[in-house]
Structures are given as structure tokens and as C-alpha cells.
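2 protein chains.
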Amino acid sequence: MSFPARGFPKSEFESRTRRAQDAMAEQDLSAILLTTEPDIRYFTGFLTRFWESPTRPWYLVLPASGPPIAVIPSIGAALMATTWISDIRTWRAPDLTDDGIGLLADTLVEVAGPAGRIGTPMGHETLARMPLADLKRLEALLSPRVLSDDGWIVKRQRQIKSPAEIDKIEAACRIADRAFARLPEIVRVGVPLADVFRKFQILCLEEGADWVPYLAGGAGQGGYADVISPATETPLASGDILMLDTGLVWDGYFCDFDRNVAVERADAASMAAHAKLIEAVDAAMAIAKPGARACDLFHAMDRIVTGGAGGSDAGRLGHGLGMQLTEVPSLIPADRTELAEGMVLTLEPGIETGDGRIMVHEENIVVTADGARMLSTPCGSDLRVI
Amino acid sequence: MSFPARGFPKSEFESRTRRAQDAMAEQDLSAILLTTEPDIRYFTGFLTRFWESPTRPWYLVLPASGPPIAVIPSIGAALMATTWISDIRTWRAPDLTDDGIGLLADTLVEVAGPAGRIGTPMGHETLARMPLADLKRLEALLSPRVLSDDGWIVKRQRQIKSPAEIDKIEAACRIADRAFARLPEIVRVGVPLADVFRKFQILCLEEGADWVPYLAGGAGQGGYADVISPATETPLASGDILMLDTGLVWDGYFCDFDRNVAVERADAASMAAHAKLIEAVDAAMAIAKPGARACDLFHAMDRIVTGGAGGSDAGRLGHGLGMQLTEVPSLIPADRTELAEGMVLTLEPGIETGDGRIMVHEENIVVTADGARMLSTPCGSDLRVI
Numbered sequence: 001m002s003f004p005a006r007g008f009p010k011s012e013f014e015s016r017t018r019r020a021q022d023a024m025a026e027q028d029l030s031a032i033l034l035t036t037e038p039d040i041r042y043f044t045g046f047l048t049r050f051w052e053s054p055t056r057p058w059y060l061v062l063p064a065s066g067p068p069i070a071v072i073p074s075i076g077a078a079l080m081a082t083t084w085i086s087d088i089r090t091w092r093a094p095d096l097t098d099d100g101i102g103l104l105a106d107t108l109v110e111v112a113g114p115a116g117r118i119g120t121p122m123g124h125e126t127l128a129r130m131p132l133a134d135l136k137r138l139e140a141l142l143s144p145r146v147l148s149d150d151g152w153i154v155k156r157q158r159q160i161k162s163p164a165e166i167d168k169i170e171a172a173c174r175i176a177d178r179a180f181a182r183l184p185e186i187v188r189v190g191v192p193l194a195d196v197f198r199k200f201q202i203l204c205l206e207e208g209a210d211w212v213p214y215l216a217g218g219a220g221q222g223g224y225a226d227v228i229s230p231a232t233e234t235p236l237a238s239g240d241i242l243m244l245d246t247g248l249v250w251d252g253y254f255c256d257f258d259r260n261v262a263v264e265r266a267d268a269a270s271m272a273a274h275a276k277l278i279e280a281v282d283a284a285m286a287i288a289k290p291g292a293r294a295c296d297l298f299h300a301m302d303r304i305v306t307g308g309a310g311g312s313d314a315g316r317l318g319h320g321l322g323m324q325l326t327e328v329p330s331l332i333p334a335d336r337t338e339l340a341e342g343m344v345l346t347l348e349p350g351i352e353t354g355d356g357r358i359m360v361h362e363e364n365i366v367v368t369a370d371g372a373r374m375l376s377t378p379c380g381s382d383l384r385v386i
Numbered sequence: 001m002s003f004p005a006r007g008f009p010k011s012e013f014e015s016r017t018r019r020a021q022d023a024m025a026e027q028d029l030s031a032i033l034l035t036t037e038p039d040i041r042y043f044t045g046f047l048t049r050f051w052e053s054p055t056r057p058w059y060l061v062l063p064a065s066g067p068p069i070a071v072i073p074s075i076g077a078a079l080m081a082t083t084w085i086s087d088i089r090t091w092r093a094p095d096l097t098d099d100g101i102g103l104l105a106d107t108l109v110e111v112a113g114p115a116g117r118i119g120t121p122m123g124h125e126t127l128a129r130m131p132l133a134d135l136k137r138l139e140a141l142l143s144p145r146v147l148s149d150d151g152w153i154v155k156r157q158r159q160i161k162s163p164a165e166i167d168k169i170e171a172a173c174r175i176a177d178r179a180f181a182r183l184p185e186i187v188r189v190g191v192p193l194a195d196v197f198r199k200f201q202i203l204c205l206e207e208g209a210d211w212v213p214y215l216a217g218g219a220g221q222g223g224y225a226d227v228i229s230p231a232t233e234t235p236l237a238s239g240d241i242l243m244l245d246t247g248l249v250w251d252g253y254f255c256d257f258d259r260n261v262a263v264e265r266a267d268a269a270s271m272a273a274h275a276k277l278i279e280a281v282d283a284a285m286a287i288a289k290p291g292a293r294a295c296d297l298f299h300a301m302d303r304i305v306t307g308g309a310g311g312s313d314a315g316r317l318g319h320g321l322g323m324q325l326t327e328v329p330s331l332i333p334a335d336r337t338e339l340a341e342g343m344v345l346t347l348e349p350g351i352e353t354g355d356g357r358i359m360v361h362e363e364n365i366v367v368t369a370d371g372a373r374m375l376s377t378p379c380g381s382d383l384r385v386i
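These protein sequence lines map, in sequence, to chains A and B. Each residue of the first sequence is one higher than the one before, counting from 1 in full-length UniProt numbering. Each residue of the second sequence is one higher than the one before, counting from 1 in full-length UniProt numbering.
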């Protein structure tokens, strides 16, 4: 299997930055403060698994023009210097007295000037990855300037993927495709579900995943109870419906799709449920094009899996996908986000199969100028038997 | 290899809750709001990789007495119901109008009463995993009650591990030990570092890791440039010093240690540097007992690796370890945390080897009543050659 090039050309980061700055100008923002891994990576290319350590805060300041400024712990300076960012300001974290806040406030004041507005993501699906006490300290240092909402500029912009980003997501999908194709190597009656989970992660790595941040699933007669539980030691039984849902990463981009298989034999109800799930995915695919709305895709699938109940406890029937396992928009009745070329989405209909059991199917697609294209290799209607 | 039992008895969660409630009483707090994965898992046992999805907020309310109350998306209700928590309040997330904030405010008001103080973690190494706009909305709904700092109650308490927690961390260490023992299977001149990373994760899974959230490292003549960079495609060369640093998870608990090996042959300078790193670890081990302070361990190691320079860009020479890859305390000059029985720490001295290169060694220890015990199998002074 051939993979696309790693990383991005400098021009891609320049273009991302300029687009954000155009939106900042419209909203009269002189600076945006970013604190999370995907937001900082999106504008810099700073890719490291070190974010797994919650100790240190990392900050990036987007000015009204010119490249972003990194305000980061000195342990990250060498790696940040390999990106296109040249203005890198560091402190020796952790510092129990001032963990970068003085340096950050100085930078923001310098960038925003005496009267500039400073934004930071505050809306749905965002968070400030820093202690609340430090946020308060920062606000005090910035006063009379007020830290305000960034107007979802970054979140909205990240919804539209560049061709290079789509290539990376597709590479992640291809890796998962190949791992799923090898399920017969690890699925057998009597194998504990926890072993299947462990071995499936190995298959993902063998096929080229950089790492496997997410794996969920379930197994049971006629379906499974939920889709977020960790694996148990319960052995697979003949007739079980096994579902594995993986979010593996290649060069910092996720896939997120699942496969259902029947162990040894498939019962008629599960086969019918699976066919309905595929029918729902096909219905969403048929209307997924620029101008359609996230809620339209929801309803197209919901009509088929529930007859139009309008929602379920799972909450949504798909979502955005990219640098994070799940991104905006959400395929729910209330999300009226208009689809646009370059959006990568999951289609994830679920169906109740009785006795508190469900089956969920998921594919990954990209919206193109004249429709949608599958990034995962589409699963046929027939429930696969292993 | 035999593993301890998974999960914890209900009594452990009851005891954790009671201890937090004792501290809450001292600080006159009627409720604590928790929002992060480890904090919520610590009091409930709610273990899922679903936190990888940033979409949904999850809330837990610790009352002044009695079990915690979960305020969570309905997609998590089935899994939460398998824990000892019985008061589970749900909404269908994501909800673009009110993503659980009304329900959360009602719960906090009910628990805290008209005049009760409500705390949430705000200090060093904490964050609020929820949108800032939702935090403001919550504060408005709680008014005139003020959301105040929890006084680091939860962070401080989580530093001391129970015997069952230590068993899980030790299980993770044993798995990593065995993966490191198998390095000769994957380390060879000409193998790209990225392949070594991928295969080492496979070894960790084969040896029993549930998943491998963290792997970092480096390779080069006489050391490596930093310890947080992702792997490159550069092939291993004869004489390279290869370092792999893994944080794998078993039943929700991390190990975090590394190993340095020389590829084919070890140069004298790297051998001497390695011996000094082990000497530093031994010096810290010798004084790691209840009553010693985090800073004492720092100085014991710093004297040996730098002659007492007092700090470096890496910022610290070790840290707490447990449900997260890194936890408080920090082994830095400013951290005067007193060690106590049950604390699990990493000892992580680094040494400059010239030309901007470093070597870092790391072990995991637990503080006992009369000293410290290694959880990782201690590495001898001799630099291993593969």
C-alpha cells in the first residue's frame, strides 16, 4: 500500500492562517488564543503524542496578519522549530508560580495592541486546555481588554478539509479497511472479546497505523448493549454479532468507521437489521452534496432505521471527522450546517434489534462538488459471516 | 504472566468518595463538579475510550455526603449503570440549545442548597472539559452561588494510590518490561525509526496492554535531540542510541518509563552517560521515603546529571503517575510536596551528551512506609547493546 507524503507544505499553513485572519477581520478580532492539540497543530503542524501528558499548557496566538506565535514549554521548542513557526516563546514548565501566563499575556497585548479584541474558542465542542485559575489570571492581566468568543472561526474553518488532509484521512481508512479484511485471523468462537480488541489493534498497526487512539465495540446474540464499553473477557459465541469501531491515526488524521460480522452464523433478524443500516447509509450518500444540510442526512437515515422517530439516545447519526475522532457538524435534527466541498463526515446509523440490543454501522465520506465519495471501502448489504 | 483482578470493589469507590467528602467538609464545600475523564473515573469506575471523542461533555457531582451523581449524555447511561453509581441523569447530547447545562445546574442547586459552596478543580494541572460559553451559562444559572476552586482536593487525593491501584500500575510496568525485553526482535540497523515505533506498540499489545496511548523516543549517534518528537522514517544506524518511552495502559492505569539501547555497538561517552543516569536514579531511590519532598528527589538527581545546575528545558526530573501518564507532583526545585506512602512516581533524569543531544532514563517507583520500591524492572548501569 502506498501512502501520501507526510506533513504539509508551508503554503498550506499560510493559507489556513490567512483564511482565519480574513474571518478575524470580519469579526474585528486582533488576536485569537488557541490552547488545544488539534487547533494548534492545524495552524503549525506541531505533531506529537506528548499531549497525552496533561501537565503542561501550550498556547498559540494568531495575530491579525503574519504567522502565528507559539508560547510553549521549552521542552517543545526543538520540535516547534521544525515547523514553519519562527516566533517561539518558551518558559520552563511546569512553573508553579507562573506557568506561562505572564509570557502569554505579554504576547497577546503586543499582538492585540491597546484596543484590539482578543478571541478564544468558547462555543460548542471547544474547551480551554488550561487551568481555570490561569485563565482568570490571564483575564486580569489583559484587562481592560476582554477575552471574547472567537465566533467559532477555527471550528468552522476546520470543517472544510484540503485535498492533502483528505488524502491523509483516506490513508487512515485504507489501513482500517485492510485490518477489517483480516478479521478472520482473529475472530473465532471462544476468543474473549478483550483478545479480539487487542489483536485488532495489532492488525491496524501492522497495516500501517501510526497509533490506535480509539477502539470500541461489542458482541452478543442479535446485537450489543452499547457502543462505548471497553471489551470484557466474555468469549465470542456462535451466532454473536461482533462490532468493532476504530479510530486509528495516520500522520495525525483519523478514520472512524466500524464493521459488523456474525460469528459462524447469522440470524435472520441481524441480517435484516444490517441490510437496513446499509440502506440508510445509501440514502444519506444519495443526498450528501454541497447545499444539503447536516439535518437532511440525519432525516434520510432516521426515516429508514426508525421510520422517522427523530432521534435516539445515541444522539446522532454521524459527524465530522479529521484531526479528531469526532468533529462538527453533528448529524442531528437541530444541526442545519450546510454541507460544502471538502467536508469529511461519518454516516453512522443505528438500529434497535430488541431486548435493549442495537446494531450500528458507520462509513466515512467526503463531500465533493457533485456528490459524495466513500473514503472507507463500502460495506455491502450482506452481513459478513466469519 | 498473571494479572490482578480488573476493576475495583465498591468499597474502594465509597472510600475515595468519603475521603473527598471529609476534605470538602474542611473547606466548607457542599458540592464538587468534575468534568475530566480521570476525575470522573476515579470516583465512579466509568472506563471507556469514548472520551477520545471531544463532542460530548460529561459531568459528575460530588455531594457533601452519599454517592456521586452522574449528569451525562444518554449514550453513556448503560455503561454508567454498570458502575456503583445509581443516580444517573441524562440528556441527548449533542444538544445545540442546552448541552446538559440546565440539568447540571439543577443538580448542583439541589445538592448544594441555597447557600452551599460549589467547587471545581481550577488549580495547576487541571482543566474544565466543557465549553467556556457553557461554563459561563452554568455560572449564570447558579448565581448568586459562585463556582470556586476545589482547593486541589481531588488532585491531592489522587496522588496517593491504593494497593489495588498500585497493582494495576505494576501490571502495566510488567507488560512494558516484557516488551522491552523483546527489543532485539525489532531493532536492527536499517529499520526506520517509525517501524520500530509501530512494532514496539505491537509488542506492548502482545504482552497484554489494553492500549498504547503514548510512545515517544528518538535515535541518533550519541543521543537524540528531544524526547517528544514523533518517529521519522530515518533508518537506525550502527552506533545509534535508541530510546523508547512508553505509556501503555492496563485496566485504565499507566506505566511510564523508557529504555536506551545502543544499536550494534556503544560508544564510550554514551555508556558513561547511561551509567550516570542510573546513578542519578539510585540516588533518588535512596531518599524516596515518606517525609522526603519532591524537590529533594530533584536535587539528588540534578547533582549527579548536571552537578547541580538546578533545572533544564525539560523542566522536571520525574512526576506522579497513575490514571494519567503524568500526574502531580513534579520533581522540580519548586515542588515541596511531601512524599507519602502510596505515591507512585517516575524518576526521569536527563543528561546532555553534546551537540544538542540528550539521553533520558526513566523508572517507575512506589513510595512505601520505609522506602521506595521499583515497579519497573530496574535497568542496570551497563548500556544494553542490541
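For every residue, glycine included, the Cβ atom is placed at its ideal position computed from N, Cα and C.
Check whether residue i and residue j have beta carbons under 7 Å apart
{"i": "A:Ala340", "j": "A:Pro290", "result": "yes"}
{"i": "A:Asp240", "j": "A:Val263", "result": "yes"}
{"i": "B:Val146", "j": "B:Leu104", "result": "no"}
{"i": "B:Ala273", "j": "B:Ile169", "result": "no"}
{"i": "B:Glu43", "j": "B:Thr83", "result": "It should be noted that the sequence gives Phe, not Glu, for residue 43 of chain B. Not a contact, by the Cβ cut-off of 7 Å."}
{"i": "A:Leu193", "j": "A:Ala219", "result": "yes"}
{"i": "A:Ala294", "j": "A:Pro329", "result": "yes"}
{"i": "B:Phe254", "j": "B:Leu138", "result": "no"}
{"i": "B:Val187", "j": "B:Ile386", "result": "yes"}
{"i": "B:Ser65", "j": "B:Thr90", "result": "no"}
Separation of residue j from residue i, as counted between CA atoms
{"i": "B:Phe50", "j": "A:Ser381", "result": "27 Å"}
{"i": "A:Ile32", "j": "B:Gly315", "result": "27 Å"}
{"i": "B:Thr368", "j": "B:Pro163", "result": "11 Å"}
{"i": "A:Asp210", "j": "A:Gly322", "result": "15 Å"}
{"i": "A:Leu203", "j": "A:Ala179", "result": "5 Å"}
{"i": "B:Asp95", "j": "A:Val111", "result": "36 Å"}
{"i": "B:Ser30", "j": "B:Gly119", "result": "8 Å"}
{"i": "B:Asp177", "j": "B:Met243", "result": "14 Å"}
{"i": "A:Asp87", "j": "B:Val191", "result": "35 Å"}
{"i": "B:Ala283", "j": "B:Ala300", "result": "6 Å"}
{"i": "B:Ser229", "j": "A:Lys136", "result": "32 Å"}
{"i": "A:Leu141", "j": "A:Ala115", "result": "14 Å"}
Min CB distance residue i to chain B below 7 Å
{"i": "A:Gln324", "result": "yes"}
{"i": "A:Asp313", "result": "yes"}
{"i": "A:Phe180", "result": "no"}
{"i": "A:Ala78", "result": "yes"}
{"i": "A:Ser330", "result": "yes"}
{"i": "A:Ile153", "result": "no"}
{"i": "A:Phe50", "result": "yes"}
{"i": "A:Thr246", "result": "no"}
{"i": "A:Gln201", "result": "yes"}
{"i": "A:Arg129", "result": "yes"}
Identified DSSP bridge partners for residue i
{"i": "A:Tyr224", "result": "A:Ile358"}
{"i": "B:Phe46", "result": "None, per the DSSP bridge assignment."}
{"i": "A:Leu34", "result": "A:Leu60"}
{"i": "A:Thr120", "result": "A:Asp149"}
Residue interval of the beta strand (DSSP E) (run including residue i)
{"i": "A:Val261", "result": "Phe257 to Ala262"}
{"i": "A:Thr17", "result": "First-last for A:Thr17: Lys10 to Glu26, but that is the alpha helix (DSSP H), not the beta strand (DSSP E)."}
{"i": "A:Gly113", "result": "Where A:Gly113 is concerned, there is no enclosing beta strand (DSSP E), given that its DSSP letter is neither H nor E."}
{"i": "B:Leu347", "result": "Val344 to Leu347"}
{"i": "A:Arg89", "result": "Ile88 to Trp91"}
Range of the contiguous alpha helix (DSSP H) that encloses residue i
{"i": "B:Pro163", "result": "Pro163 to Ala181"}
{"i": "residue 389 of chain A", "result": "As displayed, chain A neither begins before 1 nor continues past 386, which places residue 389 of chain A out of reach and without an answer."}
{"i": "B:Leu242", "result": "It is not in any alpha helix (DSSP H) - B:Leu242 instead sits in the beta strand (DSSP E) that spans Asp240 to Trp250."}
{"i": "B:Thr306", "result": "Ala294 to Thr306"}
{"i": "A:Ser74", "result": "Looking at the DSSP string, A:Ser74 is not in any alpha helix (DSSP H), and its letter there is neither H nor E."}
{"i": "A:Ser270", "result": "Ala268 to Ile287"}
Residue i at chain A interface by Cβ criterion, 7 Å
{"i": "B:Ser53", "result": "yes"}
{"i": "B:Arg174", "result": "no"}
{"i": "B:Asp226", "result": "yes"}
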